[in-house]
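Peer 1: So that we are looking at the same thing, I have put the structure below in structure tokens.
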Amino acid sequence: MAGMGDLFTRFAMAPRRAPPDTGAGTSRRLDRRAFLGCALCAAALAVRPARAEQIVPGVDRLFLKRIDYPDERHVIVLAEVDYAPGALLPRHIHPGVESSYMAAGFGTLAMDGHADLLVPARQGFQVPAALPHSFRAGVEGARIVANYVVEKDKPLSTWVP
Numbered sequence: 001m002a003g004m005g006d007l008f009t010r011f012a013m014a015p016r017r018a019p020p021d022t023g024a025g026t027s028r029r030l031d032r033r034a035f036l037g038c039a040l041c042a043a044a045l046a047v048r049p050a051r052a053e054q055i056v057p058g059v060d061r062l063f064l065k066r067i068d069y070p071d072e073r074h075v076i077v078l079a080e081v082d083y084a085p086g087a088l089l090p091r092h093i094h095p096g097v098e099s100s101y102m103a104a105g106f107g108t109l110a111m112d113g114h115a116d117l118l119v120p121a122r123q124g125f126q127v128p129a130a131l132p133h134s135f136r137a138g139v140e141g142a143r144i145v146a147n148y149v150v151e152k153d154k155p156l157s158t159w160v161p
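When the letters of the sequence shown are read in order and numbered with UniProt numbering, they come out as residues 1 to 161.
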């Protein structure tokens, strides 16, 4: 059985044949090389990883999905947030509810008016809209998958003193 390299070489480097005369002027058919070039570009774009943004040192957020909420005033945002060991995400608020799942590691969630909550892996938590809160990752770091239902024209989060 031929390897992928051999198959690629035979397909892409095969001599071009003139397209059949259709009687309608120039043919608009793609030749194999042009088709392969388009296919390779499309595949490269499809598997290109999205870039995470650094919120603060040691805390990176990657937006996974964003869709409009049925009421047309809100949006649902799904994000993955990675914390380095001991990293702190300072006090902030969201203009809507945050529902999160601790995918890996553990950390401490501090919410105004509530006792600190130690959140281990495989546990979920929710933060009400506009409630100041912070999060500190444990010694192994943490990975949180967060779902936000927030007002459309407002920033996802705002720092608070």
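Backbone N, C-alpha and C define an ideal beta-carbon position, used for all residues, glycine too.
The model shown is predicted, which means the values in this text are computed figures rather than measured ones.
Is Val75 near Tyr69, with beta carbons less than 8 Å apart?
Peer 2: One-based indexing of the sequence shown puts residue 75 at position 75. One-based indexing of the sequence shown puts residue 69 at position 69. Closer than 8 Å, so yes.
Peer 1: Any contact of the segment 91–99 with the segment 141–155, i.e. 3+ C-beta pairs under 8 Å?
Peer 2: yes
Peer 1: Mapping the DSSP letters down to three states, classify Tyr83 as helix, strand or coil.
Peer 2: Within the sequence shown, residue 83 is the residue found at index 83, counting from 1. Residue state, collapsed to three classes: strand.
Peer 1: Would you report the Cα separation of His114 and Phe135, rounded to the nearest angstrom?
Peer 2: Taking the first residue of the sequence shown as position 1, residue 114 is located at position 114. Taking the first residue of the sequence shown as position 1, residue 135 is located at position 135. Roughly 13 Å between the two C-alpha positions.
Peer 1: Report the rounded CA-to-CA distance for Pro57 versus Lys65, giving the unit in angstroms.
Peer 2: In the sequence shown, residue 57 corresponds to position 57, counting from 1. In the sequence shown, residue 65 corresponds to position 65, counting from 1. Looking at the two C-alpha atoms, the distance is approximately 23 Å.
Peer 1: Determine which residues share a DSSP beta bridge with Tyr148 and list them.
Peer 2: Here residue 148 corresponds to residue number 148 of the sequence shown, with the count starting at 1. Answer by DSSP bridge pairing, in chain order: Val77, Glu98.
Peer 1: Assign Ser99 to one of two classes, buried (16 or more other C-beta atoms within 10 Å of its C-beta) or exposed (fewer than that).
Peer 2: Taking the sequence shown and counting its residues from 1, one reaches residue 99 at position 99. Exposed, since its Cβ has fewer than 16 Cβ neighbours within 10 Å.
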